[in-house]
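Residue numbers (the numbering used here), protein chains in the order written: chain A, 174 to 656; chain Y, 706 to 875; chain G, 4 to 649; chain V, 3 to 105; chain L, 2 to 503.
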């Protein structure tokens, strides 16, 4: 046994330390000190996030004989997720300290950190067993988190739907894995890549295994047709959890997906999974948009919007280049800020008034101009309107997808681009509701809490700066190009 | 040519797996369903024994049959009144279920059958002793499972916490 | 001839326009009127001196050693360069016809300015009126001195616009508004032809310049390289299209319909624009391009036909109208058609191109006597407050000056010697007979009709039966001096203008030659005219039932002519029924429902599709996983089929 | 007759398909859970027999199954907790009633 | 970075945004708007003078004031700026219309601050678009200019504003979807094998490396993409509805400047970078634009809403712009740019006047009004002048632009092109029909509605706004050669390249 190998996993260990600190604080501190639990967690996690940017972490390492890998890019990916989680944590303070949640908030933070740990594993895993454990660690505790809102029936319903479909999809995923194992006799990524290359694209077994694997991860990414749970779960889950699900969980899955696709199945890219992804992307973007068109519940609406966003994210995967990974990372970074801004507003309004219908947002600008402004920025960013970050991320992901250069990719990008029209439509519906529609009884002016405002400010700053300030994208691309 | 005993053993196990699986999902009494599941799991354990993975078979019986099924049975008892019976299935639903299962069967079956390598006979294997299992489980080298072992502990902890949170009344 | 004078001729009216247009509202009526008239007066003097210098100075700039007059470009500034060769220049071309036109325009314009001081007295918008008059004068002057065809087109448009503004002067009157609109659109349609003609011509010749085109018409012909389009040579097409522009402005059939309606404008305006100057622009255009037209006889024949038909048509219609201004308008159309015919029948090979000279001569004399007639009509209307001759009659006693001058005008137009019209019309008839007896006889007949309807008008106004003026409130009387003075001057000119040795001054190749009366032709035309006058005397001198009897005996023709052969109805049909209802409305409908509808359809489709697939999201996870599984399997199978099997 | 690999794979596949069928047709949530167990179990068999038949020198497949059993146990526990939870709220564990959120 | 004058076209509006954000009351807002737009007008005039000076001094480069600052280094995206005569002309146009638009929205209500914020944001897009020569930044500014329209129409518009705003935004974004693909495609073919790819227009043009087959694909993409904003048939239907619902200043800016982005882009990107495809495929778009020209005019004939009339008229006039651009010769293209200037000014004038009339009568239905000449002579006279400009009266801008286009287009040696030119010429008659119809019904004739008799004539800011525009229209109309030369110099080089291939 060589425990020194664990030292390669500095970020995981750091995360576990934060987890333990929160756990211990929650369990053993006296009731009085408990009041500051949320703040303590945010601070711990904030420190941890900051530490993640320490250049001493950016090394390439391989531990457990190739089962675990870390590199500058992977660290960057985890940092992106960390930032997102930090924002989620900040935004959720108000909710976590609400009367119905206060006795469970410790568990909320713990579960959240464990899921993040699972995502770390997914991203760093170079062995499918570890990957599966990460996947499960990233989804099973989430089911408990979805069920957190005990007073809401929807929360329970969402939890059941989530856990059952999650297990179903992981069964399918494992089925695919077993096929892969049967083909290759190993679960190490590097050896698998070898075996896949030998196997070639003409293998029925490989193709079927591949689609099962894609379906399993596609479930987390909520790609169509593996997406149907998304809206119900997003709607039922507490808004902070929904935000977490739609942003962090999805982002991590996207990275993992890229890694699996590129590293394991890279050999059959152009023959097999490029086309599978092609179909999935077209379906995801289109169906996601079509569903989003008619949603009036903000959370459901954001769910479908996030489905179609997943389609755009997949463009980075289908590019299958280092530039693609860079754009993917950038896209997710921007997506985190944009979507969290939207969820931040939704959560703030829900916490203050309990309203989540788009119709309730009518005339919001008159009463809560700042919130509406933040929401508008989020919507514009999600829709890809310059000069907000979403425009840049969309443009770059399209650019890197097209780099491959075949006419088919042009057509795919065109389809994706045309799909931005309906998506713009429904994003504008929200803007319209807030700015244009008249309402006799608009949501009354309320003062959102410091944490909510802080979270929104961070998001708004991100939306505005991430695009215009070019260093974010440039440095990400430099990182991936150096791979 | 293998021993007749093992062939007979195989057929018994195979038929048990198939039969009990089918019964599990077709019986209309939920408790029976759980029971058939138990039998299926036992049959699976038998497969492991046939494969000479005694340790795994033991785990299967202990954890799956002993743990999970008991859990399931308890929850059944908790949630349903005795004599509860599933009403008859709508034929449409059954058709859809059959369709899905059949499609899965065909596609995966075709995939499996398309591999001639999968018609391999069972090779000889030295017995997998507890010592080797233990060593490999906690090794960090090639094929070692130390990291997953540690990782799954976190997962299990999380599931415990999650379970508690969910199950707690308030 | 210095540049400054020529610039001033153009600039003065323009400045007047801007001055009166922008600051008019701040001025009193009197001030504005006097300012405008003064400006025009100065212009008149400058123009006269220019023309005098051109014709009589004998400067080598204007006449060569052989006694041929020269075309002199006084100045020519680039205004807009399309390409190196195709350049719109704004310049001042001085040659016989432009010099003549300068005289005509400034004379009539000044008369009208003067006349309007009285006629428009007290009207609201008096300043605006003078501003528009100045604008018109500027544009018209610019048109005649154009050095290139595009400059002409520019001022051509400007006179159209000023005509529009002046016809619609009484803008609260719906009839005036629609008349102005009609005038503009009809001429605009003609201008389209003009423009396309210019485009075609310039495409081949690569120049807009009149001098280079007319001095070497063979080059123009050669540059087309014999290109054909739909059976005609491109040059014919170009010339006919350019002529189409002329047809519009000069109210040739079938584009004449705007002119009678244009009488809605103030009467002095009709005198200036719709009798003397603007309407002859078409004639001027053809004359300007005449050497080029000579290259394509087909084009000239078309000109002749159009002119001849119009002359006859307008003369017949004029016999039946009751509105005195309309009679005059149709007579104008008819007389302009005379000029067109004269140009059409002119050939360089026949009689030194007498038709060209005749046309210009008639243009000159016609301007004088027609302006006279219109201004006289204005005085009458001013006195009677009606355009209809039915409310006039016996006015000779009340308005002696008007009577005499009007009579002179009538005699002039009827072609009775020694009045101006006789000489010019005689030349036209000569040219027509020279070309073909058909045209000679035709035009003589039209000349007879002219005499008839003019005297019909004359008798109905000044003789016939006298209505009860007392009963109507006031007795008609002669107008103030500002109005009578122009009448007298113009009448005097009409008396003597015929004796101007026009051939010496104007000819197609600018060579001087002598006009000699062709006695048989002159005699015939005079006899015909006298007969026609006699007939008119019999019918209209005293109130009687003869006219009605005659009208009833040819009822169909009479009604048709009275309704101007239903041209207006035809146009109404074309514009409202066809253009509006059959083209515009369907297009608008198509745009709203098909084009826009298809855009909306995308949206509707998206919503429909959204509604159609909402069943997928049934809320039941069993169907979710079913779709999940079937989707995965489907993609897998399709991939297998595509990759492995195919 | 030789017992080859396929002899084990097919029953396991059938077991998996039974799980699928059960998931789609059963209305009791716990029955669905049971179906899921069948599916997971089938996957386990796959791993094991692949390991045994094709790669007898290694233990990767077996370990995978070992871990999968653990994961399955955790899943089941959590799922049952959630199901019990919903039973508390609605006194009903019919999956068809879980359709308050749709479209 | 800040020594280049061009950057101030973006900096000033950004400062204005900042200033507006600090404003407390309407007076301050107006002050910021007017001072800022005056500064922009001054800047554009300074640019014009500087540009002419450099040209006079013998600068023969295609673009002047060229500069480039790295932005996204890995993708070689730069903030590259540079202007030629066309951009200078467009910048002046934009500045003038922004200024007059600010005057026209003197009394905007409600939320004046937000209104101006969005308006200025829009103008950032416009100015940015005209100064950049980098495809990416160009596209970015293009989209920046589009999106504020939604709120400007949605919040401050009238009538069926929600529908119109949405339609306008979605259709224009649809166009930009094609555009984005086209631009990325161009980028990937911007340099020969082995050389670094670029987004810089000048470099791409110099490399001339876009394969002919790719041009056939990318040219339609970009042309249609920009064409949608240029109201090309059949993608023009956003224009009538959008303009009809938009508030005055927005209509002015949108029809006056934003639609010019389309024509400018078609030239600057589609034709300039892909001349071969332009040459081969021009006929398809010629047919479409030719249809636009006539079709828009005919549609305008039967409309009863003033703004619809003007919007369809814009379709016709902007169609002429694209039509002329596709003729691929110096004269026609010069005409196209002049038409852009001219249409921009006069349509802004139209919309300003319509807005002012609407603000008084509260109707835009010409059947409900009449005889306004008597009631509000100033506005009516201005309307007549605008109408005259629109139908091509010499001395006003419409004439010179149209004539340049017609003469230029007719110089094409191909019969097809010339026949289509004649078809396009027909529009001048139809234009006269609908303009005079409006003038006749709206301004002339007896007063239709007795209540209108109490209405007042223009206020000083309205007068200022309209007079500025009229003077500009007349300036182009009277001294066209100045503008023609400004524009033409740029073309001769580029077009030479295009025609040289024939």
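The beta-carbon is built from N, C-alpha and C at its ideal position, and this holds for glycine as well.
(request) Kindly identify the DSSP beta-bridge partner or partners of residue 78 of chain G. (result) G:95
(message) Taking beta-carbon pairs under 8 Å, can you tell me which members of the stretch 334 to 347 of chain A lie near chain G?
(response) 334, 337, 338, 341, 342, 345
(message) Taking CB distances under 8 Å as the criterion, tell me whether residue 801 of chain Y reaches chain G.
(response) yes
(request) Just the chain V side, please: which residues come within less than 7 Å of residue 835 of chain Y by C-beta, in chain order? (result) Going along chain V, no residue has its Cβ under 7 Å from residue 835 of chain Y, so there is no contact; the nearest lies around 12 Å.
(message) Which residues in chain Y have a C-beta closer than 9 Å to the C-beta of residue 187 of chain A? List them in chain order.
(response) Those do not exist, as residue 187 of chain A stays about 14 Å from chain Y at its closest Cβ, beyond 9 Å.
(message) Let's test the definition: count the other Cβ atoms within 10 Å of the Cβ of residue 376 of chain G and tell me whether it reaches 16, buried, or not, exposed.
(response) buried
(message) Could you tell me the alpha carbon to alpha carbon distance between residue 16 of chain G and residue 161 of chain L, rounded to whole angstroms?
(response) 49 Å
(message) If you follow the alpha helix (DSSP H) that residue 660 of chain A is in, where does it begin and where does it stop?
(response) Past the boundaries of the shown model lies residue 660 of chain A; chain A is included only from 174 to 656, so the question cannot be answered.
(message) For chain L, check one thing: does any of its Cβ atoms lie closer than 8 Å to the Cβ of residue 504 of chain A?
(response) no
(request) Quick one: give me the first and last residue of the beta strand (DSSP E) that residue 78 of chain L is part of. (result) 78 to 84
(request) Indicate the three-state DSSP secondary structure (helix, strand or coil) for residue 428 of chain G in the structure shown. (result) helix
(message) Once the 5 residues before and after residue 163 of chain L are set aside, which same chain residues still bring their CB inside 7 Å of it?
(response) 155
(message) Taking only three categories from DSSP, how would you classify residue 110 of chain L?
(response) coil
(request) Grab me the residues of residue 113 of chain G's own chain with a C-beta within less than 7 Å of its C-beta, minus the 5 sequence neighbours each way, in chain order. (result) 43, 44, 47
(message) Cutting at 6 Å between CB atoms, please list the residues of its own chain near residue 503 of chain L, excluding the five before and the five after it.
(response) Reliability of the predicted coordinates at residue 503 of chain L is poor, the pLDDT of 40 falling under 50, and the value obtained from them is presented with this limitation in mind. So the list is empty, once near-sequence residues are dropped.
(message) Check whether chain Y comes within 8 Å of residue 15 of chain V, counting only Cβ atoms and requiring the distance to be less than that.
(response) yes
(request) Find out if the Cβ-Cβ distance for the pair residue 412 of chain A, residue 268 of chain A is shorter than 8 Å. (result) yes
(request) Establish whether the CB of residue 250 of chain G and some CB of chain L are separated by less than 8 Å. (result) no
(request) State the Cα-Cα distance for the pair residue 430 of chain G and residue 525 of chain G, rounded to the nearest angstrom. (result) 9 Å
(request) Pull up the distance between the alpha-carbon of residue 491 of chain L and that of residue 349 of chain G, whole angstroms please. (result) 49 Å
(request) Report all residues from its chain with a CB closer than 7 Å to the CB of residue 332 of chain A; omit the five preceding and five following residues, and keep chain order. (result) 316, 319, 320
(request) Anything in the stretch 210 to 229 of chain L with a Cβ closer than 9 Å to a Cβ of chain A? List those residues in chain order, please. (result) 218, 222
(request) Just the C-alpha distance for residue 384 of chain A and residue 453 of chain A, rounded to the nearest angstrom, thanks. (result) 11 Å
(request) Would you check if the distance between the CB atom of residue 355 of chain L and the CB atom of residue 308 of chain L is smaller than 8 Å? (result) yes
(message) Check whether chain A comes within 8 Å of residue 642 of chain G, counting only Cβ atoms and requiring the distance to be less than that.
(response) yes
(request) Kindly list, in the order they appear in chain G, the residues whose Cβ is closer than 7 Å to that of residue 22 of chain V. (result) 632
(message) Just to confirm the assignment: which complete alpha helix (DSSP H) runs, minimum length 4, are found wholly within the stretch 261 to 317 of chain G?
(response) 261 to 264, 270 to 274, 284 to 291, 293 to 298
(request) Report the neighbours of residue 636 of chain G on chain Y: residues whose CB is nearer than 8 Å to its CB, in chain order. (result) 808, 809, 812
(message) Under 7 Å, CB to CB, which of the residues in the stretch 767 to 786 of chain Y have a partner in chain A?
(response) none
(message) Quick check on the burial criterion: 16 or more other C-beta atoms within 10 angstroms. Buried or exposed for residue 255 of chain L?
(response) buried
(request) Could you pull out every residue in the same chain whose Cβ sits closer than 6 Å to the Cβ of residue 936 of chain Y, ignoring the five residues on either side in sequence? (result) Look at the range of chain Y in this structure, 706 to 875, and you will see that residue 936 of chain Y is not part of it.
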